[in-house]
Amino acid sequence: MSITEKDVLHVAELARLELTAREKEIYTVQLKRILGYVEKLSELGTDGVRPTTHTVPPRTAYREDRVLPSLPSEEALSNAPSSDRGCFKVPKIIE
Amino acid sequence: MKYEAVIGLEVHAQLLTDSKLFCGCSTKFGAEPNTQVDPICLGLPGVLPVLNRRAVEYAVRMALATSCKVNRQSVFARKNYFYPDLPKGYQISQYTEPLAERGWLDIDLDGERKRIGITRIHMEEDAGKLLHGEGPEDEAFSFVDLNRTGVPLIEIVSEPDMRASDEAQAYLKALRDILVYLEISSGNMEEGSFRCDANVSIRPAGSSKLGTKAELKNMNSFKFVKEAIDYEIARQTDLVESGGKVVQETRLFDSARGVTVSMRSKEEAHDYRYFPEPDLLPLIVEEEMVEEVRSALPELPQAKRERFISEYGIPAYDAGVLTSSKDLAAYYEEVVNETDEPKASSNWIMGELLRLLKEDNRDVKDCPVSPKGLANVMKMVKAGEISGKIAKEVFEEMYRTGKSAGEIVKAKGLTQISGEEELARIVDGIIAANPENVERYKSGKTALFGFFVGEAMKATRGKANPQVINKLLKEKLGG
Chain A
11 MSITEKDVLH VAELARLELT AREKEIYTVQ LKRILGYVEK LSELGTDGVR
61 PTTHTVPPRT AYREDRVLPS LPSEEALSNA PSSDRGCFKV PKIIE
Chain B
9 MKYEAVIGLE VHAQLLTDSK LFCGCSTKFG AEPNTQVDPI CLGLPGVLPV
59 LNRRAVEYAV RMALATSCKV NRQSVFARKN YFYPDLPKGY QISQYTEPLA
109 ERGWLDIDLD GERKRIGITR IHMEEDAGKL LHGEGPEDEA FSFVDLNRTG
159 VPLIEIVSEP DMRASDEAQA YLKALRDILV YLEISSGNME EGSFRCDANV
209 SIRPAGSSKL GTKAELKNMN SFKFVKEAID YEIARQTDLV ESGGKVVQET
259 RLFDSARGVT VSMRSKEEAH DYRYFPEPDL LPLIVEEEMV EEVRSALPEL
309 PQAKRERFIS EYGIPAYDAG VLTSSKDLAA YYEEVVNETD EPKASSNWIM
359 GELLRLLKED NRDVKDCPVS PKGLANVMKM VKAGEISGKI AKEVFEEMYR
409 TGKSAGEIVK AKGLTQISGE EELARIVDGI IAANPENVER YKSGKTALFG
459 FFVGEAMKAT RGKANPQVIN KLLKEKLGG
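Residue numbers (the numbering used here), protein chains in the order written: chain A, 11 to 105; chain B, 9 to 487.
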């Protein structure tokens with residue numbers, strides 16, 4: 011599978027990234043190289059091998075359903091570019 | 009050409025855990041904005057989610073109650089999209105490997121039973137809330153409350169097995185009843201803890217191919233679900249019949265106008281780039297947990313309904329009303345236990361009890377009259393101590409004051425008068441006072457019998473034993 015400039019633009023848009031013409035070129039080349047590297051794997055016969063998403067033996071770590079203190083609201087909002095009366099304030103979302 | 013509708017539902021139910029799915033923040037509804045958030049649900053850097061065990065148990069409960077196969081291994085995945093109510097930029101959900109699959113649920117409609125397939129049940133976290141008209145107001149901005157972010161949800165996806173809006177509604181109600189019986193969700197549609205999207209398409213009747221579907225959203229009551237689906241079926245049918253084509257899209261239900269409206273948004277081209285959540289290992293549900301949950305499953309609404317019909321011999325309608333909530337069903341069974349009168353108990357509960365509770369908008373759990381209390385009133389009627397009519401007054405008084413039936417009857421002197429001598433005097437008095445009516449009765453106007461009974465009741469303020477009155481009147485009027 012080969013990456014085209016169109017794919018790069020699509021991914022950039024999904025990630026809300028604005029790319030210059032130069033960046034577009036760079037990323038197309040770089041992504042092509044990365045995917046080409048991974049593609050090597052398809053040369054191997056992997057039929058019947060379950061996709062490996064994690065490399066440690068899975069055992070689920072649970073927590074008990076217990077309420078712990080939350081952050082004070084001022085602290086929760088302290089990194090927000092804009093807040094107002096206890097809420098995060100964002101540009102109008104039109105639905 | 010005749011068309012048929014094909015409907016599938018996607019239902020989200022909030023689980024009634026105390027804390028969130030991946031962190032210890034409270035899930036309590038109605039707190040001040042952004043007071044139930046911490047670095048994990050806010051998506052701050054350097055944090056790790058840890059799964060809430062009870063949420064998994066609750067999800068397994070629902071899976072077993074709907075005959076799903078619980079997968080030993082399921083995988084959490086990131087669903088990536090941007091929206092201000094989603095601080096991490098992704099929602100932790102399950103995608104290719106859900107918690108449970110391939111179940112079903114039977115619905116009863118007009119005396120017929122239909123099986124609706126359940127494709128899958130998976131776990132995910134809820135998003136936050138954009139406040140509209142319930143917080144700060146400013147034309148140019150939206151305000152975000154993240155208290156709901158990370159509250160555990162299960163999504164229950166049905167097969168496209170429904171053919172009409174009433175089937176969809178029956179399925180949805182059955183699903184809600186089960187969730188509430190299992191005590192894992194409040195099932196409250198208005199508060200948004202139980203939400204439904206509908207996939208609707210049409211096809212020529214008898215065809216087995218699926219048509220292009222529209223996804224309906226924003227239906228926050230059972231009534232709206234039905235209205236939206238009915239509107240959508242009509243819209244698609246008109247469209248196709250006039251030569252048009254249904255396009256795949258999301259449509260919002262506008263309840264004020266009763267129509268669905270296309271939601272043209274940039275997110276339309278869904279590309280969520282799901283991938284396995286690297287911060288969480290696959291979820292392994294051990295057989296022990298499944299068996300533990302299975303052995304603790306309560307009797308489900310449908311089974312209870314059927315048992316009430318067969319065990320107590322009450323009509324299906326009564327059984328349906330009485331099993332509409334687990335607490336009401338338990339109340340009924342306690343009353344029957346005491347009185348051994350299944351139908352009379354049902355009449356009392358469906359009539360007097362539910363009327364009073366409804367007037368006060370009160371749950372049966374908070375009913376001031378205990379099942380024993382109601383049973384006592386019924387026993388007094390049976391023993392002839394009070395009349396049926398008086399019993400209703402006594403019951404209402406018990407409900408209002410919390411006093412016992414015995415106290416009220418004694419204090420108000422409501423004991424039924426059954427003594428023949430005393431009643432005979434009263435009947436004689438009535439006959440003497442109404443010579444014209446006695447004449448007319450004797451000349452064939454037998455309908456006047458009711459008049460005499462009424463007079464006797466009036467004279468005794470409803471306390472006369474009706475059987476004795478009937479007997480005496482018949483003797484004395486010669487009827």
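Every residue gets a Cβ at the ideal spot worked out from N, C-alpha and C, and that includes glycine. None of the values given here were measured: they were computed from a predicted structure.
Using only the alpha-carbon positions, how far apart do residue i and residue j sit?
{"i": "A182 (chain B)", "j": "C76 (chain B)", "result": "16 Å"}
{"i": "I292 (chain B)", "j": "P53 (chain B)", "result": "27 Å"}
{"i": "L107 (chain B)", "j": "H130 (chain B)", "result": "5 Å"}
{"i": "G462 (chain B)", "j": "W356 (chain B)", "result": "24 Å"}
{"i": "Q310 (chain B)", "j": "R123 (chain B)", "result": "13 Å"}
{"i": "E275 (chain B)", "j": "L260 (chain B)", "result": "For E275 (chain B), the pLDDT reaches just 49, beneath the cut-off of 50, and the residue's location in the model is therefore unreliable, although a value from the coordinates is still provided. So the alpha carbons of these two residues sit roughly 14 Å apart."}
{"i": "Y37 (chain A)", "j": "V18 (chain A)", "result": "7 Å"}
{"i": "P101 (chain A)", "j": "F90 (chain B)", "result": "13 Å"}
{"i": "P95 (chain B)", "j": "K373 (chain B)", "result": "39 Å"}
{"i": "I44 (chain A)", "j": "E53 (chain A)", "result": "16 Å"}
{"i": "L456 (chain B)", "j": "G486 (chain B)", "result": "13 Å"}
{"i": "N445 (chain B)", "j": "A464 (chain B)", "result": "14 Å"}
{"i": "A73 (chain B)", "j": "D262 (chain B)", "result": "34 Å"}
{"i": "E191 (chain B)", "j": "R76 (chain A)", "result": "18 Å"}
{"i": "F403 (chain B)", "j": "Y179 (chain B)", "result": "37 Å"}
{"i": "F459 (chain B)", "j": "K450 (chain B)", "result": "14 Å"}
{"i": "G55 (chain A)", "j": "C204 (chain B)", "result": "44 Å"}
{"i": "R8 (chain B)", "j": "G414 (chain B)", "result": "Because chain B spans 9 through 487 in this model, residue 8 (chain B) falls outside it and cannot be assessed."}
{"i": "D118 (chain B)", "j": "E28 (chain A)", "result": "58 Å"}
{"i": "R313 (chain B)", "j": "T35 (chain B)", "result": "33 Å"}
{"i": "S378 (chain B)", "j": "A13 (chain B)", "result": "47 Å"}
{"i": "L361 (chain B)", "j": "S303 (chain B)", "result": "33 Å"}
From the beta carbon of residue i, is the nearest beta carbon of chain B less than 9 Å away?
{"i": "M27 (chain A)", "result": "For the record, residue 27 (chain A) in the displayed sequence is Leu; it is not Met. Taking Cβ atoms only, chain B never reaches closer than 9 Å to L27 (chain A), which makes this a no."}
{"i": "G96 (chain A)", "result": "yes"}
{"i": "P91 (chain A)", "result": "no"}
{"i": "I44 (chain A)", "result": "no"}
{"i": "T63 (chain A)", "result": "yes"}
{"i": "V48 (chain A)", "result": "no"}
Considering only the beta carbon of each residue, do residue i and residue j sit closer than 9 Å?
{"i": "A71 (chain B)", "j": "S201 (chain B)", "result": "no"}
{"i": "K484 (chain B)", "j": "I425 (chain B)", "result": "no"}
{"i": "E199 (chain B)", "j": "G158 (chain B)", "result": "no"}
{"i": "Y103 (chain B)", "j": "T245 (chain B)", "result": "no"}
{"i": "S150 (chain B)", "j": "K99 (chain A)", "result": "yes"}
{"i": "T86 (chain A)", "j": "S80 (chain A)", "result": "The sequence shown places Ala at residue 86 (chain A), not Thr. Closer than 9 Å, so yes."}
{"i": "E240 (chain B)", "j": "T268 (chain B)", "result": "yes"}
{"i": "I162 (chain B)", "j": "L23 (chain B)", "result": "yes"}
{"i": "M297 (chain B)", "j": "D326 (chain B)", "result": "no"}
{"i": "E33 (chain A)", "j": "N60 (chain B)", "result": "no"}
Does the CB of residue i have a neighbour CB from chain A at under 9 Å?
{"i": "Q177 (chain B)", "result": "no"}
{"i": "R281 (chain B)", "result": "yes"}
{"i": "C33 (chain B)", "result": "yes"}
{"i": "E40 (chain B)", "result": "yes"}
{"i": "Q44 (chain B)", "result": "yes"}
{"i": "R265 (chain B)", "result": "no"}
{"i": "R211 (chain B)", "result": "no"}
Taking 6 Å as the limit between beta carbons, can you name the residues of its chain near residue i, skipping five residues before and five after?
{"i": "G16 (chain B)", "result": "S166, P168, N207"}
{"i": "A399 (chain B)", "result": "V385, V389"}
{"i": "S173 (chain B)", "result": "K234, I237, D238"}
{"i": "Q81 (chain B)", "result": "P290, I292"}
{"i": "K334 (chain B)", "result": "Y189"}
{"i": "R128 (chain B)", "result": "P106, E109, V165"}
{"i": "E175 (chain B)", "result": "none"}
Quick one: residues in its chain with C-beta nearer than 8 Å to the C-beta of residue i, no 5 flanking neighbours on either side, listed in chain order?
{"i": "L480 (chain B)", "result": "E428, L431, A432, V435"}
{"i": "G266 (chain B)", "result": "E235, Y239"}
{"i": "I322 (chain B)", "result": "F316, L330, P350, K351, S354"}
{"i": "G97 (chain B)", "result": "G51, N88, Y89, F90"}
Excluding the 5 residues flanking residue i on each side, which residues of the same chain have their C-beta closer than 7 Å to its C-beta?
{"i": "Q99 (chain B)", "result": "K87, E132, E133, A135"}
{"i": "I13 (chain A)", "result": "T38, L41, K42, L45"}
{"i": "R211 (chain B)", "result": "Y11, E12, V14, K217, L218, G219"}
Practice prompt. Taking only beta carbons into account, state which residues of the region 146–176 of chain B come closer than 8 Å to chain A, listed in chain order.
Written response: D146, E147, A148, F149, S150, F151, V152, D153, L154
Item to complete: Quick one: which residues of the region 67–89 of chain A get their C-beta closer than 7 Å to a C-beta of chain B? List them in chain order.
Response: P68, R69, T70, A71, Y72, R73, E74, D75, R76, V77, L78, S80, L81, S83, A86, L87
Discussion item. For the region 14–26 of chain A, list every residue whose C-beta sits within 7 Å of some C-beta in chain B, in sequence order.
Written reply: L24, R26
Worksheet item: If contact means a Cβ-Cβ distance below 8 Å, which residues of the region 213–232 of chain B contact chain A?
Response: none
Item to complete: Give the residues from the region 284–309 of chain B that approach chain A closer than 7 Å (Cβ to any Cβ), ordered along the chain.
Response: P284, L289, P290, L291, I292
Worksheet item: Given a limit of 7 Å on CB to CB distance, which residues of the region 82–113 of chain B reach chain A?
Response: V83, F90, P92
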